[in-house]
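Single-structure report; data block below.
There are 2 protein chains.
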Amino acid sequence: MNPIQLFDAESSTYTYILAAPDSRDAVIIDPVDRNLERDLAHIERLGMRLTHVLETHAHADHVTSAGALRALTGAKACVPSGCGIPPAEVQLQDGDVIPFGGREHIAVIHTPGHTAGSMCYLWRGNLFSGDTLLVGGCGRTDFQGGSAEALYDSVSAKLFTLDDATRVWPGHDYKGQSVSSIGWERRHNARLANRSRADFVALMAALNLPRPKLMDVAVPANRNLGLAHSV
Amino acid sequence: MNPIQLFDAESSTYTYILAAPDSRDAVIIDPVDRNLERDLAHIERLGMRLTHVLETHAHADHVTSAGALRALTGAKACVPSGCGIPPAEVQLQDGDVIPFGGREHIAVIHTPGHTAGSMCYLWRGNLFSGDTLLVGGCGRTDFQGGSAEALYDSVSAKLFTLDDATRVWPGHDYKGQSVSSIGWERRHNARLANRSRADFVALMAALNLPRPKLMDVAVPANRNLGLAHSV
Ligand SMILES: [Fe+2]
Ligand SMILES: [Fe+2]
Numbered sequence: 001m002n003p004i005q006l007f008d009a010e011s012s013t014y015t016y017i018l019a020a021p022d023s024r025d026a027v028i029i030d031p032v033d034r035n036l037e038r039d040l041a042h043i044e045r046l047g048m049r050l051t052h053v054l055e056t057h058a059h060a061d062h063v064t065s066a067g068a069l070r071a072l073t074g075a076k077a078c079v080p081s082g083c084g085i086p087p088a089e090v091q092l093q094d095g096d097v098i099p100f101g102g103r104e105h106i107a108v109i110h111t112p113g114h115t116a117g118s119m120c121y122l123w124r125g126n127l128f129s130g131d132t133l134l135v136g137g138c139g140r141t142d143f144q145g146g147s148a149e150a151l152y153d154s155v156s157a158k159l160f161t162l163d164d165a166t167r168v169w170p171g172h173d174y175k176g177q178s179v180s181s182i183g184w185e186r187r188h189n190a191r192l193a194n195r196s197r198a199d200f201v202a203l204m205a206a207l208n209l210p211r212p213k214l215m216d217v218a219v220p221a222n223r224n225l226g227l228a229h230s231v
Numbered sequence: 001m002n003p004i005q006l007f008d009a010e011s012s013t014y015t016y017i018l019a020a021p022d023s024r025d026a027v028i029i030d031p032v033d034r035n036l037e038r039d040l041a042h043i044e045r046l047g048m049r050l051t052h053v054l055e056t057h058a059h060a061d062h063v064t065s066a067g068a069l070r071a072l073t074g075a076k077a078c079v080p081s082g083c084g085i086p087p088a089e090v091q092l093q094d095g096d097v098i099p100f101g102g103r104e105h106i107a108v109i110h111t112p113g114h115t116a117g118s119m120c121y122l123w124r125g126n127l128f129s130g131d132t133l134l135v136g137g138c139g140r141t142d143f144q145g146g147s148a149e150a151l152y153d154s155v156s157a158k159l160f161t162l163d164d165a166t167r168v169w170p171g172h173d174y175k176g177q178s179v180s181s182i183g184w185e186r187r188h189n190a191r192l193a194n195r196s197r198a199d200f201v202a203l204m205a206a207l208n209l210p211r212p213k214l215m216d217v218a219v220p221a222n223r224n225l226g227l228a229h230s231v
């Protein structure tokens, strides 16, 4: 039961549609503003009814379409409670379960590190890992309450302890790497496999990444679900 | 039970991995030569064993990696019998069934039109439609034994008669349209819905498309499974 994976070529963001097998209901994770019509067209073509829009965190590199999708479809906006996104009606906590489509359940896993509020979502053996765990790598940890220590602990304790066969669907990829597995990442992830916490923290501190170009626009916009004005 | 959909940005080709739910076995459809390592990495990360490589037709816009994948993994190369690809060990006919992964079955549907030999594949409610049926459109019909009449008949009689909920996974898309459904295409496809055969034939005759840039290289290469020399 794989998700439908959609790609934004401009920001290399993956958006996911989770379709309930027994109903028309569907959930979307991390939709991007400029793909609003494309994403709605998928929902229409597949005869789906969008019930929930989930964000893994308040993104710094693109603007979400969560607010617009909510307005157009009536879907509920569900966000990590620690991300400062007040207009969302569902403020998720670690351990929450999001029911949808009659029999489906999405488990909510708080994985601080990329940002303080970042969440991962688990559905039918599929982990939507946001920017916490990428294919062969991980998200940066140098802003929005990011912490290399926290990311290491989140991944070690909460993700690498999942079943090895769990599929890992990342929030971004820049090389066409669409999906991975927990077992492979635990053994081979270039940043996190076989590395001590102190080594990982030193590695992340030495990255010296440039400030995201869109950050000053995207983060405030995403704290408002991508809508121009408070709702 | 969706496939894993991979994209080649250079030729806008979709490649699909079909994973058997009860075993490690997997099938790949329309792999692209330049993505050989990327595709093998997916198979490795997901702990899969590749058993079959399928081609929907002899492509004119990219070179397949079918021969290389066969050599590296031992997968069987399965091609439409009418496409002139002699080195493939499985020459498919309309109505054939490809078993894989213990309990899985892929139905083979001969859909001449884009090329004389073109095939579509059906697995668990998912149609891999090659260039016969695209999202909102269809492939061109002006070379390799292509025929607008044949394409109209193939789509009308063999694809639009499938269950409306059948998901349509195209061979290409240029606008991020990843997936559609038979019901939607039958009602809304810009070229094929609510159009007579004669109208469709006139429409296709008026397209006047340029000759594919790679055709003289790609077609001969693909008739040899993408390998430089006969095997
Ligand atoms: Fe991020
Ligand atoms: Fe083609």
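So the protein lines, in turn, are chains A and B. Letter by letter, the first sequence follows residues 1 to 231 in the UniProt record's numbering. Letter by letter, the second sequence follows residues 1 to 231 in the UniProt record's numbering. We treat Cβ as the ideally placed atom computed from N, Cα and C, and that holds for glycine. Since we're looking at a predicted model, the values are computed, not measured.
Does ligand 2 have even one heavy atom less than 8 Å from the beta-carbon of residue i?
i         : result
B/Ala-198 : no
B/Thr-64  : no
B/Gly-176 : no
B/Gly-139 : yes
A/His-42  : no
For ligand 1, is there any heavy atom lying closer than 8 Å to the beta carbon of residue i?
i                      : result
residue 233 of chain A : The structure shown has nothing for residue 233 of chain A, since chain A only spans 1 to 231.
A/Gly-130              : yes
residue 286 of chain A : Because chain A spans 1 through 231 in this model, residue 286 of chain A falls outside it and cannot be assessed.
A/Gly-171              : yes
A/Thr-115              : yes
A/His-52               : no
A/His-188              : no
A/His-105              : no
B/His-57               : no
Excluding five sequence neighbours on each side, which residues of the same chain lie with their C-beta closer than 6 Å to the C-beta of residue i?
i                      : result
residue 233 of chain A : Because chain A here runs from 1 to 231, residue 233 of chain A falls outside it and cannot be looked at.
A/Gln-144              : Thr-115
A/Gly-67               : Leu-225, Gly-226 and Leu-227
So which residues on chain B does residue i lean against when the C-beta distance must stay under 8 Å?
i        : result
A/Leu-46 : Arg-167, Val-179, Ser-180, Ser-181 and Trp-184
A/Arg-38 : Lys-175, Gly-176 and Gln-177
A/Met-1  : Met-1 and Asn-2
Going along chain A in order, which residues have a C-beta closer than 7 Å to the C-beta of residue i?
i         : result
B/Leu-122 : What B/Leu-122 touches in chain A: nothing, since even the nearest Cβ is about 17 Å away.
Distance cutoff 9 Å, beta carbons only. Does residue i sit that close to anything in chain B?
i         : result
A/Ala-9   : yes
A/Asp-25  : no
A/Asp-164 : yes
A/Val-135 : yes
A/Val-231 : Per-residue confidence for A/Val-231 stands at a pLDDT of 41, beneath the threshold of 50, marking its modelled position as unreliable; the derived number appears in the next sentence. It does not: the Cβ of A/Val-231 has no partner Cβ on chain B nearer than 9 Å.
Using a cut-off of 9 Å between C-beta atoms, extract the partners of residue i located in chain B.
i        : result
A/Asn-35 : Gly-176
Counting only C-beta atoms, is residue i closer than 9 Å to chain A at any point?
i         : result
B/Ala-41  : yes
B/Asn-208 : no
B/Ile-4   : yes
B/Val-79  : no
B/Asp-22  : no
B/Gly-101 : no
Quick one: what's got a C-beta closer than 8 Å to residue i's C-beta in the same chain, skipping five residues either side?
i         : result
B/Ala-193 : Glu-185, Arg-186 and Arg-187
B/Asp-173 : Ser-12, Tyr-14, Leu-134 and Val-135
A/Gly-47  : Arg-24
B/Ala-205 : Ala-148
B/Arg-124 : Met-1 and Glu-104
Excluding five sequence neighbours on each side, which residues of the same chain lie with their C-beta closer than 7 Å to the C-beta of residue i?
i                      : result
A/Leu-203              : Arg-191
B/Phe-200              : Ala-148, Tyr-152, Arg-191 and Leu-192
B/Leu-209              : Arg-140 and Asp-142
A/Ser-230              : Model confidence at A/Ser-230 stands at a pLDDT of 44, short of 50, so the residue's coordinates are unreliable and nothing is read from them.
B/Val-179              : Arg-167, Val-168 and Trp-169
B/Gln-91               : Val-79 and Ser-81
residue 240 of chain B : Only positions 1 to 231 of chain B appear in the structure, and residue 240 of chain B is not among them; the question remains open.
A/Glu-89               : Lys-76 and Ala-77
B/Ile-3                : Reading the sequence as shown, one finds Pro at residue 3 of chain B and not Ile. Here the set comprises Tyr-16, Ile-17, Leu-18, Asn-126 and Trp-169.
A/Ala-228              : none
A/Pro-21               : Met-1
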